[in-house]
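Step one of this worksheet: look at the structure below.
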Amino acid sequence: MTEQSPALDNLLTESRTFPPSAEFAGQANAKAELYATADADREQFWAEQAERLSWDTKWSQVLDWTNAPFAKWFVGGKLNVAYNCVDRHVESGHGDQVAIHWIGEPGDTRDITYAQLKDEVSKAANALTALGVVAGDIVAIQLQMIPEAIFAMLACARIGALHSVVFGGFSPTALRARVDDAAAKIVITSDGQYRRGKAAPMKANVDEALQGAESVQKVIVVKRTGSDLDGETPWTDGRDLWWHELVDGQSAEHQPEAFDSEHPLFILYTSGTTGKPKGILHTSGGFLTQTAYTHNVVFDHKPGEDVYWCTADIGWITGHSYIVYGPLANRVTQVVYEGTPNTPHEGRHWEIIQKYQVSIYYTAPTLIRTFMKWGADIPARYDLTSLRVLGSVGEPINPEAWIWYRETIGANKTPVVDTWWQTETGAIMISPLPGVTSAKPGSAQRALPGISAKVVDDTGTEVGHGGGGYLVLDKPWPSMLRGVWGDEERFRETYWSRFADQGYYFAGDGAKYDDDGDIWLLGRVDDVMNVSGHRISTTEVESALVSHPTVAEAAVVGATDPTTGQGIVAFVILRGDAVDGGDQAVQDLRNHVAKEIGPIAKPRQIMVVPELPKTRSGKIMRRLLRDVAENRAIGDVTTLADSSVMALISTGLQSGKEE
Ligand code: PRX
-11 MTEQSPALDN LLTESRTFPP SAEFAGQANA KAELYATADA DREQFWAEQA ERLSWDTKWS
49 QVLDWTNAPF AKWFVGGKLN VAYNCVDRHV ESGHGDQVAI HWIGEPGDTR DITYAQLKDE
109 VSKAANALTA LGVVAGDIVA IQLQMIPEAI FAMLACARIG ALHSVVFGGF SPTALRARVD
169 DAAAKIVITS DGQYRRGKAA PMKANVDEAL QGAESVQKVI VVKRTGSDLD GETPWTDGRD
229 LWWHELVDGQ SAEHQPEAFD SEHPLFILYT SGTTGKPKGI LHTSGGFLTQ TAYTHNVVFD
289 HKPGEDVYWC TADIGWITGH SYIVYGPLAN RVTQVVYEGT PNTPHEGRHW EIIQKYQVSI
349 YYTAPTLIRT FMKWGADIPA RYDLTSLRVL GSVGEPINPE AWIWYRETIG ANKTPVVDTW
409 WQTETGAIMI SPLPGVTSAK PGSAQRALPG ISAKVVDDTG TEVGHGGGGY LVLDKPWPSM
469 LRGVWGDEER FRETYWSRFA DQGYYFAGDG AKYDDDGDIW LLGRVDDVMN VSGHRISTTE
529 VESALVSHPT VAEAAVVGAT DPTTGQGIVA FVILRGDAVD GGDQAVQDLR NHVAKEIGPI
589 AKPRQIMVVP ELPKTRSGKI MRRLLRDVAE NRAIGDVTTL ADSSVMALIS TGLQSGKEE
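Under this note's numbering, the first residue of the sequence shown carries the number -11, and numbering increases by one thereafter.
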């Protein structure tokens, strides 16, 4: 590799590694040879992965990339995605296997076998067809984590309609923008949802959203909270239909039709750097191939043996790829939980793991850090010995959180897989293989077999080991987005223009190689700070802070600084048992960061706060913290999960000012 100045300085080093046990490695689905097999003939490798599925018509060509950046995978192939996720398991004799152990927040439960799932999805498909929904139509779904959400998604897939799932916590304005952008014909929702022990209205918000929405012909309403909800469910005669009245009486027979491999499967809206959300489009054959493949190799899933639990919400891509499509294609038995992790108590997840003998658990760093904050004594009260693989997704996981996860939840022996991917990539791209990789806490490490990723500098040249820069995907992959709904220009501009000469997809993330060439994610590039000419990742400073025994969570932003360009401002939440030691404690933390990373990364200011502002998907809203750090009026807080957090922070800022 040539000498060059890295685009991002590589400051934090981590030397601990955790190889898989011989026992785990011996039984693992993916062995080390998989990398070489994939490298030898990528298209052949993906063809073999596609063979995991049942195709009505086999493809004639694996990949057509002649019209880049619009890929076609498994060209000419035809399949039905819902048939692959449901019917074929019944046909192979597994109709009695539980597909979904559903747990409602108030404690009600439902076990749904594959045979029952087939009936429910077929009935829902017949119901949609009866309403005039045809292939290519768009059905918006705003539902909480209830089985009907999954039935509805699969029913759409079964008839070739696209679903556009809108997270249950999104405001009427956000729902309306998505309904309008896609011109959704049907909206599926519920009367209300249980949240933190209370019934909250849902349909009322949907009605508010849909006032005057011309594309919407019918609204289907699942009865969930019923009489627990105050007042009547608002109703528009002629437009609104109860799910149970519409669906329950339908025939459970439904003949799935085979659709083209490139037939659109769904749209999912994601926010970008500008205001308007982008409708990310995914299609059928490639998406299902890669979600099923990755679910098999990354989680080492064994159908009929494992009990899997992905804690994401179906409103996000993780719920689409790793609750609905990949796992069900692999004949999973999985837990789906409706509620929040601390309702009615902070041990709820561990209680569920113990009861259902969950063996694979996939969650987000933000939740892991919350569990850390609540204390290790809570999981210690439960039997978690069924767990054998732990996964993380959504943001960089700090090494200390990784270690806590492995030690406290994984009995110091389960592999932890840190999976990097995006709404746009559709499926996991960079991750350890649990039976192969010597895991490094905090690193997603290496592109999966069949996937190619690089860290490059400003000019698109790959940086050397030890160097930092921009993460790019330099070869097309089966589950890649096929576009931004209705906006080809935005698709090209957002993802393909930065390194257009090389034809690379730019993911928007900073990353670095360590000395072994393993990849470390450094957060979005707009979260990168520039301090005295050094580009420092917010993630690295956060990791250093969280590695201090008193810190539960940390968020770091760069604030304008007259001498250094930007100064580092940190917001920290102390652990439950840590007393706020005032100025001295803050000094200690600053010195700790200086020790961990170097004096250049010493925060200019550390503020001890009771909470951090987060979006509903758990991402820290650094924009708002930057406003605080720069003493500005606080900007738009409408996408915050809890809008009172900023007030808490502003009033709690007495402590922590620099000397
Ligand atoms: O910045 C990366 C971060 O989340 C972004 C994608 O967000 P979203 O489309 O909402 O999908 C989240 C679930 C796949 C990425 O650009 N991200 C996701 N996983 C990781 C991560 N950052 C670091 N490490 C990860 N494992």
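Built from N, CA and C at the ideal position, the CB exists for glycine as well.
Since we're looking at a predicted model, the values are computed, not measured.
Item	Value
With contact counted as at least three CB pairs below 8 Å, one residue from each stretch, are the region 132 to 144 and the region 301 to 313 in contact?	yes
Using a Cβ-based criterion (distance less than 6 Å to any ligand heavy atom), does T258 qualify as near the ligand SAM?	No copy of the ligand SAM appears in this structure; the ligands present are the ligand PRX.
Just checking my contact of I268 with L469 at CB under 8 Å: how many whole Å lie between their CB atoms?	5 Å
Here's the rule: buried if 16 or more other CB atoms are within 10 angstroms of the residue's CB, otherwise exposed. What is W392?	buried
Any heavy atom of the ligand PRX closer than 6 Å to the beta-carbon of P420?	no
Near V210, which residues of its chain fall below 6 Å by C-beta distance, leaving aside the five closest residues on each side in sequence?	E136, S178, W231
With three or more beta-carbon pairs closer than 8 Å as the criterion, would you say the region 227 to 247 touches the region 449 to 457?	no
Is K111 helix, strand or coil when you go by DSSP?	helix
Alpha carbon to alpha carbon, how far is D489 from P57?	13 Å
The beta strand (DSSP E) that contains Q322, what's its start and end?	322 to 325
For W34, report the span of its beta strand (DSSP E) as first-last.	It is not in any beta strand (DSSP E) - W34 instead sits in the alpha helix (DSSP H) that spans 30 to 38.
Nearest to T693 by CA position, among R394, P598, A543, is which residue?	The shown model of the chain, from -11 to 647, leaves out residue 693, and the question about it has no answer.
Within 10 Å of its beta-carbon, does N55 have 16 or more other beta-carbons around it, so buried, or fewer, so exposed?	exposed
Determine, for T413, whether the minimum Cβ-Cβ distance to residues of chain D falls below 7 Å.	Of the chains in the structure shown, none is chain D; there is only one protein chain.
Quick check on L253: does DSSP put it in helix, strand or coil?	strand
Could you check whether V346 and V323 sit closer than 7 Å to each other, using their CB atoms as the reference points?	yes
Give every residue of the same chain whose Cβ lies closer than 7 Å to the Cβ of T548, excluding the five residues on either side of it in the sequence, and list them in chain order.	Q554, E618
Excluding sequence positions up to five away, which residues of its chain have a Cβ less than 8 Å from the Cβ of A532?	L0, H580, V581, E584, I585, A589
Beta-carbon separation of R558 and I594 under 7 Å?	At residue 558 the sequence reads Ala, which differs from the Arg that was named. Their beta carbons are under 7 Å apart, which means A558 touches I594 by this criterion.
Count the other CB atoms, across all protein chains shown, that sit within 10 Å of the CB of S638; report buried if there are 16 or more and exposed otherwise.	exposed
To the nearest angstrom, how far is the alpha carbon of W304 from that of D445?	31 Å
Which residues end up in the neighbourhood of the ligand PRX when you take C-beta atoms closer than 7 Å to any of its heavy atoms?	T258, W304, I305, T306, S380, V381, G382, E383, P384, I385, D406, T407, W408, W409, Q410, T411, E412, A432, A495, G496, D497, L509, G511, R512, S605
Once the 5 residues before and after G263 are set aside, which same chain residues still bring their CB inside 8 Å of it?	At G263, the pLDDT of 49 sits below 50, so the modelled position is not reliable; the number obtained from the coordinates is stated separately. Counting only Cβ-Cβ distances below 8 Å, and skipping sequence neighbours, we find nothing.
Pull up the distance between the alpha-carbon of Q37 and that of A16, whole angstroms please.	17 Å
Does DSSP put V69 in a helix, a strand or coil?	helix
DSSP on G314, reduced to helix/strand/coil?	helix
Write down every uninterrupted run of the alpha helix (DSSP H) in the region 515 to 569 whose length is 4 residues or greater and which is fully enclosed by it, in chain order.	526 to 534
Grab me the residues of R184's own chain with a C-beta within less than 7 Å of its C-beta, minus the 5 sequence neighbours each way, in chain order.	T328, T331
Is M190 closer than 7 Å to Q181 when the C-beta atoms are compared?	yes
Along the alpha helix (DSSP H) that carries F494, what are the first and last residues, could you check?	Premise fails: F494 lies in the beta strand (DSSP E), 493 to 501, not in any alpha helix (DSSP H).
Which one of F275, D107, K463, A499 has the shortest CA to CA distance from P252?	F275
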